[in-house]
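A.B. asks: Could you have a look at this structure, given as structure tokens, before my questions?
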Amino acid sequence: MLIQVGQVIDQVLRVLLLVALGTAVTVALTSWAVRRGLLEAFGTWSRWVRRWSDPLLAPVERQLVRQGRNPQEGPIWFLGVVAVSGILVLNLTRWLVGTIATIATLSQAGPLPVLAFLANLLYSALLMALLVRVIGSWVGGTRWTAVIRWAYTLTDWVVLPIQKRLPPFGPFDVSPILAYFVLLILRSLVLGLL
């Protein structure tokens, strides 16, 4: 029953995300065609698309202006945000439904499978925090950046001792990679005890 509900939710989300992506593609292509002169800027189609897309594009364009970029890039950024957000929402929903189904199955099992599940859940959360920490550092994020501060909070206990003892390798920080292996070993030890 729960799996069927999850499949229905997945299908509905796919359709909604496909519609959102189609909308973003329409806005981006129309904007591109107007800039290239293939469509009249004040033609019927251009005005209609602009009328319903301006409330969606206004926040994106304001952010681009604040960053010193050209607001005409707004439709492309909007398309990228819709695509990435859609993938994230779909994967998060699948993970949530899978976790609920696993918990429902584990509720009928003994305490050891529940503890193993919790250990795997904790390992997955720490691994995700390590990935966010690494990818965030690639795009200029630091431990004080509000969006990724949580990742540093979750992983500092394992990364900082490694950073203090590991010599630097030029501009590369390999301590998160070693922290991943430490977490992998800890997970194996904990699951071996269960």
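For the working numbering, add 1069 to where a residue sits in the sequence shown, where the first one is 1. Positions of the beta carbon are idealized from the N, C-alpha and C atoms, including for glycine.
#1: Measure the beta-carbon distance from residue 1227 to residue 1248 and round it to whole angstroms, keeping in mind my assumption that it falls under 8 Å.
#2: How far does the alpha helix (DSSP H) with residue 1168 in it reach, from first residue to last?
#3: Output yes or no for whether 8 Å exceeds the beta carbon distance between residue 1243 and residue 1217.
#4: Please go through the same chain and pick out, in chain order, the residues whose beta-carbon is closer than 6 Å to the beta-carbon of residue 1210, but skip the five residues on each side of it.
#5: What are the boundary residues of the alpha helix (DSSP H) that residue 1083 is part of?
#6: Between residue 1079 and residue 1162, which are expected to be in contact by the criterion C-beta below 8 Å, what is the C-beta distance as a whole number of angstroms?
#7: Can you check which of these residues, 1182, 1084, 1093, 1070, is closest to residue 1148 by C-alpha distance?
#8: For residue 1182, collect the residues of the same chain with a Cβ closer than 6 Å to its Cβ; drop the 5 residues on either side in sequence, then sort them by chain order.
C.D. replies: On the basis of the data shown:
#1: Translated into positions along the sequence shown, residue 1227 becomes position 158. Translated into positions along the sequence shown, residue 1248 becomes position 179. Yes, residue 1227 and residue 1248 are in contact; Cβ-Cβ is about 5 Å, under 8 Å.
#2: Along the sequence shown, read from residue 1 onward, the residue named residue 1168 stands at position 99. Note, residue 1168: alpha helix (DSSP H), 1143-1175.
#3: Translated into the one-based positions of the sequence shown, residue 1243 becomes position 174. Translated into the one-based positions of the sequence shown, residue 1217 becomes position 148. Not closer than 8 Å, so no.
#4: For the purposes of this step, residue 1210 is taken as the residue at position 141 of the sequence shown. Result list for residue 1210: 1217, in chain order.
#5: The residue labelled residue 1083 in the question sits at position 14 within the sequence shown. Annotation: the continuous alpha helix (DSSP H) that includes residue 1083 extends over 1071-1105.
#6: Position 10 of the sequence shown, counted from the start, is the residue given in the question as residue 1079. Position 93 of the sequence shown, counted from the start, is the residue given in the question as residue 1162. Yes, they are in contact, since the Cβ atoms of residue 1079 and residue 1162 sit about 7 Å apart, within 8 Å.
#7: The residue labelled residue 1148 in the question sits at position 79 within the sequence shown. It is 1093 whose Cα lies nearest to the Cα of residue 1148.
#8: Residue 1182 sits at position 113 when you count from the first residue of the sequence shown. Closer than 6 Å at Cβ, skipping near neighbours: 1175.
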